[in-house]
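Have a look at the structure below before the remarks.
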Amino acid sequence: MKLIAALGNPGEKYAYTYHNVGWLTLDIIADRLGVDVDKRECDSLTGVKSVNGERIILAKPQTYMNASGKAVKQLLSRYKASLSDLLVIYDDIDIEKGAFRFRERGSAGTHNGMRDIISVCGSGDFARLRVGTGKVPENIPLVSYVLMPMTDDDRRLIGGAAKEGAERALEWAGLKSK
């Protein structure tokens, strides 16, 4: 079993913000697997699919970014998954736009959602896929930047990284995209 949780904020006003790049990446994965991520459980929207005997749970925590740990912990408990079964996908200002990084474990870096997950779960020993949103422009506060809508150029550039990242997530889960 694999649990792929993507970080973002609920609500239409956040849909295409830099902070919701994790959800955009998960939408690509869901599309590739033919899964609707619309079941409400564990403070999340989820979709479940079995592929070649492997159960894949896709999740979008609805707790808002900085409280993501609560939903992830509930999902791990509900599906009796361990941290080694978990992949978290999220935006990262420390990675250039159009790039992504995959790691088997690590720290939260500058990301408050990841800090909360590590704090609630008690460990950073789980996989993470970080999709780059680039450095915060001068004279724009961090919180304003991550919550602003992406420009069209950035949506294309970051969207390319999200597609590549989605493929890497499917590989992690032991799946090939359809």
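Positions 2 to 179 (this note's numbering) are the ones given, in order, by the sequence shown. Even for Gly, the Cβ is constructed at its ideal location relative to N, Cα and C. Please read these numbers as outputs of a predicted model, since none were measured by experiment.
Alpha carbon of residue i to alpha carbon of residue j, nearest angstrom
i	j	result
E172	P62	22 Å
R169	E139	32 Å
S178	I96	Because the pLDDT of S178 is 49, which lies under 50, any placement of that residue in the model is unreliable, and the question is left without a value.
Y15	I57	26 Å
L27	G114	16 Å
R131	K164	12 Å
V49	L59	6 Å
V73	A6	7 Å
A109	R79	24 Å
I30	R106	21 Å
D44	L176	26 Å
I159	I90	14 Å
L87	G70	12 Å
D92	G54	30 Å
I94	K81	32 Å
Y146	D39	28 Å
N10	R116	16 Å
Nearest neighbour of residue i, chosen from the options [CA to CA]
i	options	result
D153	K3, Y19 and G12	Y19
L8	I119, Y65, G123 and I94	Y65
W24	L46, G110 and R41	L46
T134	I30, A162 and C122	A162
V36	V52, S85 and L87	V52
F103	D117, I118 and R129	R129
G99	M149, V144 and D155	D155
I4	L34, D126, L77 and S124	It should be pointed out that residue 4 corresponds to Leu in this sequence rather than to Ile. Of the candidates L34, D126, L77 and S124, the one whose C-alpha sits nearest the C-alpha of L4 is L77.
R157	G12, V22, E13 and V121	V22
M2	K136, V121 and L84	L84
Run of the alpha helix (DSSP H) containing residue i, from where it starts to where it stops
i	result
V147	L143 to V147
A31	V22 to L34
Segment limits, beta strand (DSSP E) that includes residue i
i	result
A162	Where A162 is concerned, there is no enclosing beta strand (DSSP E), although the alpha helix (DSSP H) it sits in stretches over D153 to W173.
V49	S45 to V52
L1	Summary: the structure shown does not reach residue 1, with the chain confined to residues 2 through 179, and so no result is reported for it.
K40	K40 to E42
P62	E55 to P62
Which residues DSSP lists as bridging residue i, in chain order
i	result
A16	A16 is not bridged to any residue.
L130	I90 and F103
P150	T18
Legend entry - Complete runs of the beta strand (DSSP E) confined to the stretch 65-117 [at least 3 residues]: 87-93 and 101-104
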